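What follows is a short report on a single structure.
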Amino acid sequence: GEIQGTRNRLTTLLCYPQLLNSSCRGLMRPRSEAILLYTLLSSISVLTVALNLMVIISISHFRQLHTPTNLLLLSLAISDLLVGLLVMPVETVRFIETCWLLGDLMCALSYIFGFTLTSASVGNMVLISIDRFVAICYPLQYLNKITRSRIEVSVCLCWACSFLYNGLILKDHLREPNRYNSCYGECVVVINYVSGTVDLVITFIGPCSVILVLYVRVFIVAVSQARAMLSHITAVAGGAVRVTAKKSERKAARTLGVVILVFLMSFCPYYYPSLVGQDISNSVSSWAIVSWLLYFNSCLNPLIYAFFYPWFRKAIKLIVTLKILEQDSSQNLVGENYHG
Numbered sequence: 001g002e003i004q005g006t007r008n009r010l011t012t013l014l015c016y017p018q019l020l021n022s023s024c025r026g027l028m029r030p031r032s033e034a035i036l037l038y039t040l041l042s043s044i045s046v047l048t049v050a051l052n053l054m055v056i057i058s059i060s061h062f063r064q065l066h067t068p069t070n071l072l073l074l075s076l077a078i079s080d081l082l083v084g085l086l087v088m089p090v091e092t093v094r095f096i097e098t099c100w101l102l103g104d105l106m107c108a109l110s111y112i113f114g115f116t117l118t119s120a121s122v123g124n125m126v127l128i129s130i131d132r133f134v135a136i137c138y139p140l141q142y143l144n145k146i147t148r149s150r151i152e153v154s155v156c157l158c159w160a161c162s163f164l165y166n167g168l169i170l171k172d173h174l175r176e177p178n179r180y181n182s183c184y185g186e187c188v189v190v191i192n193y194v195s196g197t198v199d200l201v202i203t204f205i206g207p208c209s210v211i212l213v214l215y216v217r218v219f220i221v222a223v224s225q226a227r228a229m230l231s232h233i234t235a236v237a238g239g240a241v242r243v244t245a246k247k248s249e250r251k252a253a254r255t256l257g258v259v260i261l262v263f264l265m266s267f268c269p270y271y272y273p274s275l276v277g278q279d280i281s282n283s284v285s286s287w288a289i290v291s292w293l294l295y296f297n298s299c300l301n302p303l304i305y306a307f308f309y310p311w312f313r314k315a316i317k318l319i320v321t322l323k324i325l326e327q328d329s330s331q332n333l334v335g336e337n338y339h340g
């Protein structure tokens with residue numbers, strides 16, 4: 001029914017009319033629909049760049065924010081900003097025009113950027129979950145275990161592995177970008193079953209398991225610490241503090257819940273067909289929706305990881321009011337809880 005309805009609304013046309021039989025057929029969207037989609041998807045792209053740029057400026061500018069944890073947030077923001085800057089605009093054109101008109105080189109680059117930046121983003125999320133795990137579960141050893149140099153090495157390895165791994169998976173596509181195209185005006189990549197299975201484990205099942213296990217451990221420890229504090233309270237003040245502790249437990253649960261939920265909501269639809277052995281690559285609308293859900297994670301990450309911190313809200317005020325241009329403004333965050 002959905003395909004029939006789509007066909008009634010959209011007319012098909014040749015991507016390259018001069019090539020006749022060797023040209024792909026694309027969908028001609030109504031002008032109003034195309035304008036609406038361009039406006040919506042471009043807005044998401046601009047918002048992704050703006051939000052992540054705020055995180056990058058905040059952490060780079062204010063000296064108090066130069067902590068190992070915030071270095072991970074900075075790396076995540078860079079990968080997400082590049083998704084908004086390089087991947088989303090190309091995917092917008094791909095989805096709305098349906099014909100690929102940007103040539104073979106851009107076809108090859110679009111996949112390498114999309115795959116690499118998504119992998120780097122996931123890798124950074126795993127590093128953040130490890131950082132939170134050590135901070136909550138081993139607070140006394142945190143400063144010895146999580147040093148700036150170790151974080152810098154981890155971040156560099158994360159980016160290097162993302163480039164290397166996706167370069168290997170896409171090496172045939174990079175060498176000959178049009179090898180899998182059945183007609184002119186198409187840009188597809190085909191990954192064999194073995195590579196696809198390995199990719200599923202490395203990019204989704206592995207990181208997902210690590211993030212879930214570590215955050216569950218963090219939540220259990222946070223709750224037990226909150227309850228342990230209650231046992232030291234006298235009977236007189238017990239009632240009031242019990243309510244506060246319950247609130248902090250709920251807040252911890254909500255924060256961790258949001259992190260896990262958003263990650264799963266963004267990545268599950270994209271990888272679900274691979275998990276159950278379905279092929280949705282031929283369904284243009286389904287594939288576009290799950291791909292955009294995956295990329296939309298880059299817009300939500302700064303909200304989850306950075307906006308929850310008071311220092312970030314104060315930093316935004318100083319950036320928007322241009323107070324960061326003042327002399328010694330890099331010291332202006334004193335008094336805020338800038339360690340997260």
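So the sequence shown is numbered by UniProt numbering: it starts at 1 and just counts up by one. For every residue, glycine included, the Cβ atom is placed at its ideal position computed from N, Cα and C. Quantities reported herein were computed from a predicted structural model and do not represent experimental measurements.
Reference residue i, options the options, closest by Cα
i           : options                        : result
Ala77       : Gly26, Phe307, Cys161          : Phe307
Ser119      : Ser43, Arg31, Arg150, Leu164   : Leu164
Arg313      : Gly167, Met54, Ala108          : Met54
Leu300      : Pro17, Asp172, Leu261          : Leu261
Ile86       : Leu73, Tyr111, Glu97           : Checking the sequence, you will find Leu at residue 86 rather than Ile. Per the Cα distances, Tyr111.
residue 360 : Asp80, Leu143, Val258          : An answer regarding residue 360 cannot be provided, because it is not within the stretch 1 to 340 covered by the chain.
Ile202      : Leu73, Val122, Arg29           : Val122
Val93       : Arg29, His173, Pro302          : Arg29
Arg175      : Ala108, Ile191, Leu20, Leu293  : Ala108
Glu326      : Phe62, Gln18, Ala34, Tyr16     : Phe62
Ser209      : Leu264, Ile324, Gln18          : Leu264
Cys187      : Ser286, Asn178, Val194, Cys158 : Asn178
residue 349 : Met229, Asn124, His173         : The first residue shown for the chain is 1 and the last is 340, placing residue 349 beyond what the model contains.
Ile56       : Ile316, Leu27, Ser45           : Ile316
Pro302      : Val258, Ile289, Ala160         : Val258
Asp172      : Ser182, Leu20, Val190          : Val190
Ile211      : Ile35, Asp131, Trp287, Leu140  : Asp131
Asn166      : Gln141, Ile324, Leu143, Ser195 : Ser195
Pro17       : Leu101, Val46, Ser42, Ser45    : Leu101
Ile324      : Ser60, Leu19, Ile289, Leu143   : Ser60
Leu275      : Ser182, Tyr193, Val46, Thr321  : Tyr193
Val221      : Ile289, Ser45, Pro139          : Pro139
Beta-carbon spacing of residue i, residue j below 8 Å
i           : j      : result
Phe204      : Phe296 : no
Ser58       : Ile319 : yes
Pro273      : Ile146 : no
Gly84       : Asn52  : yes
Ser75       : Leu214 : no
Thr48       : Met106 : no
residue 345 : Ser22  : Examination of residue 345 is not possible in this model, given that the chain is present from 1 through 340 alone.
Leu37       : Ile96  : yes
Ile151      : Asp199 : no
Val223      : Cys137 : no
Thr12       : Arg31  : no
Pro207      : Val126 : yes
Ser291      : Glu91  : yes
Tyr271      : Leu293 : no
Leu71       : Val155 : yes
Ser162      : Thr116 : yes
Trp311      : Leu65  : yes
Cys99       : Cys158 : no
Run of the beta strand (DSSP E) containing residue i, from where it starts to where it stops
i     : result
Leu27 : 25-28
Alpha helix (DSSP H) segment containing residue i, residue limits
i      : result
Leu20  : Careful: Leu20 lies outside any alpha helix (DSSP H) and carries neither H nor E.
Gly196 : 193-200
Asn52  : 31-61
Residues that residue i bridges to, as DSSP identifies them
i      : result
Thr69  : Bridge partners of Thr69: none, in fact.
Tyr184 : Ser23
Leu13  : Gly26
Just list the alpha helix (DSSP H) runs in the segment 83-111, keeping only unbroken ones of 4 residues or longer that don't cross its boundaries, in chain order. 88-97
Continuous beta strand (DSSP E) assignments of at least 3 residues falling wholly in the segment 289-329: none
Suppose only complete runs of 4+ residues qualify. What are the alpha helix (DSSP H) ranges in the segment 107-172, listed by chain order? 142-145, 148-169
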